[in-house]
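**Q** Counted the way UniProt numbering counts, the sequence shown spans residues 1 to 391.
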Amino acid sequence: MPHYRRVGDIPRKRHTQFRSPEGKLYAEELMGVEGFSSDSALLYHRHLPTAIVNAEVVDDFRGKLVANHPLKPRHFRSQDLKFGADTDAVTGRRTLMGNSDVIIGFAVATTPSPLYRNAVGDELFYVQGGSGTVETIYGALEVSDGDYLVIPTSTTYRVVPNGELRLFIVEASGHIGPPKRYLSSKGQFLEHSPYCERDQRGPTEPLLVDGEDVDVLVRHRAGLTRFTYANHPFDVVGWDGCLYPWAFHINDFEPITGRVHQPPPVHQTFEGPNFVVCSFMPRKVDYHPDAIPVPYNHANVDSDELMFYVGGNYEARKGSGIGIGSLSLHPSGFTHGPQPGAAEASIGADYFDETAVMVDTFRPLDLGEAATDSEDPRYAWSWSKRGPDWS
Numbered sequence: 001m002p003h004y005r006r007v008g009d010i011p012r013k014r015h016t017q018f019r020s021p022e023g024k025l026y027a028e029e030l031m032g033v034e035g036f037s038s039d040s041a042l043l044y045h046r047h048l049p050t051a052i053v054n055a056e057v058v059d060d061f062r063g064k065l066v067a068n069h070p071l072k073p074r075h076f077r078s079q080d081l082k083f084g085a086d087t088d089a090v091t092g093r094r095t096l097m098g099n100s101d102v103i104i105g106f107a108v109a110t111t112p113s114p115l116y117r118n119a120v121g122d123e124l125f126y127v128q129g130g131s132g133t134v135e136t137i138y139g140a141l142e143v144s145d146g147d148y149l150v151i152p153t154s155t156t157y158r159v160v161p162n163g164e165l166r167l168f169i170v171e172a173s174g175h176i177g178p179p180k181r182y183l184s185s186k187g188q189f190l191e192h193s194p195y196c197e198r199d200q201r202g203p204t205e206p207l208l209v210d211g212e213d214v215d216v217l218v219r220h221r222a223g224l225t226r227f228t229y230a231n232h233p234f235d236v237v238g239w240d241g242c243l244y245p246w247a248f249h250i251n252d253f254e255p256i257t258g259r260v261h262q263p264p265p266v267h268q269t270f271e272g273p274n275f276v277v278c279s280f281m282p283r284k285v286d287y288h289p290d291a292i293p294v295p296y297n298h299a300n301v302d303s304d305e306l307m308f309y310v311g312g313n314y315e316a317r318k319g320s321g322i323g324i325g326s327l328s329l330h331p332s333g334f335t336h337g338p339q340p341g342a343a344e345a346s347i348g349a350d351y352f353d354e355t356a357v358m359v360d361t362f363r364p365l366d367l368g369e370a371a372t373d374s375e376d377p378r379y380a381w382s383w384s385k386r387g388p389d390w391s
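#1: For the putative contact between Y351 and V285, defined by C-beta atoms under 8 Å, what is the C-beta separation to the nearest angstrom?
#2: What residue from G174, P377, A119 has the CA that sits closest to N274's CA?
#3: Could you tell me which residues DSSP pairs with S100 in its beta bridges?
#4: Nearest CA to the CA of A247: which residue from R14, R201, Q262?
#5: Kindly indicate which three-state DSSP category H267 falls into: helix, strand or coil?
#6: Just the Cα atoms here: how many angstroms apart are V216 and A109?
#7: Mapping the DSSP letters down to three states, classify D373 as helix, strand or coil.
#8: What residue from Y314, A316, S113, R259 has the CA that sits closest to A291's CA?
#9: Assuming contact is defined by CB atoms lying nearer than 8 Å, are D389 and W383 in contact in what I supplied?
#10: How many Å lie between S332 and G98 at the Cα?
#11: Beta-carbon within less than 7 Å of G305's beta-carbon, same chain only, minus the 5 sequence neighbours each way: which residues are those?
#12: Determine whether the beta carbon atoms of L141 and A89 lie at a separation below 8 Å.
#13: Candidates T95, P73, K72: which alpha carbon is nearest K82's?
#14: Thinking F106 and F168 are a contact (beta carbons under 8 Å), I'd like their distance in whole angstroms, please.
#15: Quick one, are the C-beta atoms of S131 and V143 less than 8 Å apart?
#16: Between H115 and the rest of its own chain, which residues show a CB-CB distance below 8 Å, the 5 nearest in sequence each way excluded?
#17: Going by DSSP, what residues sit across from W239 in a beta bridge?
#18: Less than 8 Å between the C-beta atoms of Y138 and Y229, yes or no?
#19: Using 10 angstroms around the beta-carbon of G8, count the other beta-carbons present and answer buried if the total reaches 16, otherwise exposed.
#20: Does the Cβ-Cβ distance between L42 and W239 come in under 8 Å?
#21: Take G319 and list the residues in its own chain whose beta-carbon comes closer than 6 Å to its own, dropping the five residues that flank it on each side.
#22: Taking C-alpha atoms, which residue in E22, Y44, S326, S38 lies nearest to P11?
#23: CA-CA distance, Y287 and N297?
#24: Measure from the alpha carbon of residue 401 to the alpha carbon of each residue in K64, T355, L190, T335, then state which is nearest.
#25: In this structure, how does DSSP classify Y379 when only helix, strand and coil are distinguished?
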């Protein structure tokens with residue numbers, strides 16, 4: 001969880017009079033999770049955050065999901081996905097896969113997004129390339145290649161790319177945070193955690209924008225609604241608390257290694273409702289004299305495993321067609337492992353130069369239209385070099 005942060009101007013005591021230089025009472029907004037019994041932030045608005053003047057239904061851009069049937073391991077190439085010349089990171093994101101717990105998408109954004117609020121759950125961005133600014137009611141955050149960004153539920157934001165911005169996007173049905181085993185009973189990162197508070201970044205100053213009759217697109221469990229607000233929602237003069245958007249760079253994740261091959265939980269970076277996110281980083285590999293550094297064949301019987309390859313050379317996948325920008329889906333019910341010859345070839349290696357983001361889900365992942373449009377049909381047969389699509 002993020003640590004306590006104070007930004008802008010706030011009164012000494014909560015829920016007491018706080019006025020503008022002109023004498024107008026600022027409007028408090030308490031944003032809290034779990035029925036205000038967990039993390040929260042208290043924001044002070046120049047205008048009423050409740051003042052809407054219109055609400056209308058908007059067609060959903062997400063698209064339908066179809067089952068992974070027949071059950072197969074699959075390979076998708078995000079670099080083959082097509083995006084328009086004026087694509088934004090909200091309405092232009094394309095759905096790779098998902099289930100009732102999580103939706104995973106990809107966007108190549110070149111133009112500012114509309115103001116947006118996801119009222120279903122937290123969002124996690126991984127920046128695969130480029131840079132940009134994420135403007136929020138809490139303030140702005142600069143992000144660039146390799147950054148993770150957590151956006152809490154119901155945070156109003158927009159994404160402003162600096163040129164082309166490539167985003168891998170995880171939309172939860174609840175909250176995303178560090179694994180609980182990394183945290184003390186009071187929420188401090190423990191010594192064995194692979195990252196800590198020093199690695200986190202949050203907004204540092206208010207973002208004040210004037211405007212009237214401003215549209216905000218809101219995702220909720222029934223679909224999409226466009227609210228029109230009497231005043232621009234970026235009117236917060238100050239806030240404090242432990243609930244806010246925060247970022248950290250994947251290079252600040254310190255890999256955990258051992259004498260023999262370590263299981264995937266050592267790479268865990270975040271947890272969400274019925275899924276986890278892991279970071280595989282360049283690292284010293286297993287140093288037992290008889291170690292086999294690449295993974296053993298394994299069947300994660302409770303999970304589907306989606307791996308997004310973002311840097312270096314992934315030793316276990318050589319010869320499979322996997323490259324930078326690829327995503328592999330290894331579903332529950334299929335035993336997967338290194339490509340033929342990879343285990344023998346890895347013996348004696350002392351360092352792997354590879355970077356990947358993995359999402360493990362505890363319910364099966366269905367396929368979205370972006371997966372269908374970017375699939376490499378040969379991948380399922382790459383261990384045997386035989387099959388209906390193999391040539």
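For glycine and all other residues, C-beta sits at the position ideal for the given N, C-alpha and C.
**A** Inspection of the coordinates gives the following:
#1: The Cβ separation is near 6 Å, so the contact holds.
#2: Minimum Cα distance to N274 is reached at G174.
#3: None, per the DSSP bridge assignment.
#4: When R14, R201, Q262 are compared, the shortest CA-CA separation from A247 is found for R201.
#5: If DSSP states are grouped into helix, strand and coil, H267 belongs with the helices.
#6: So the two alpha carbons sit approximately 19 Å from each other.
#7: Collapsing the DSSP output to three states places D373 in a helix.
#8: In terms of Cα proximity to A291, the closest of Y314, A316, S113, R259 is R259.
#9: For the pair D389 and W383, the CB atoms are not nearer than the 8 Å cut-off.
#10: Roughly 15 Å between the two C-alpha positions.
#11: Checking the displayed sequence, the identity of residue 305 turns out to be Glu instead of Gly. Answer for E305: H330, M358, D360, listed in chain order.
#12: With contacts defined as CB atoms closer than 8 Å, L141 and A89 fail to qualify as a contacting pair.
#13: The residue with the shortest Cα to Cα distance from K82 is T95.
#14: About 6 Å separates the beta carbon of F106 from that of F168, a gap short enough to meet the 8 Å contact definition.
#15: Yes. Within cutoff.
#16: Sequence check: residue 115 is Leu here, not His. If we look at L115 and ignore the five residues flanking it on each side, its Cβ neighbours are T156, Y157, R158, V214, D215, V216, L217, P233.
#17: W239 pairs with V7, L43.
#18: No, the Cβ-Cβ distance between Y138 and Y229 is not below 8 Å.
#19: By the 16-neighbour rule on beta-carbons within 10 angstroms, G8 is buried.
#20: Result yes, Cβ atoms of L42 and W239 sit closer than 8 Å.
#21: Closer than 6 Å at the Cβ level, and outside the excluded window around G319, lie Q339.
#22: Closest option to P11, Cα to Cα, is Y44.
#23: Per the coordinates, the alpha-carbon of Y287 lies some 19 Å from the alpha-carbon of N297.
#24: Absent from the model: residue 401. The displayed extent of the chain is 1 to 391, so no value can be given.
#25: Here Y379 sits in helix by DSSP.
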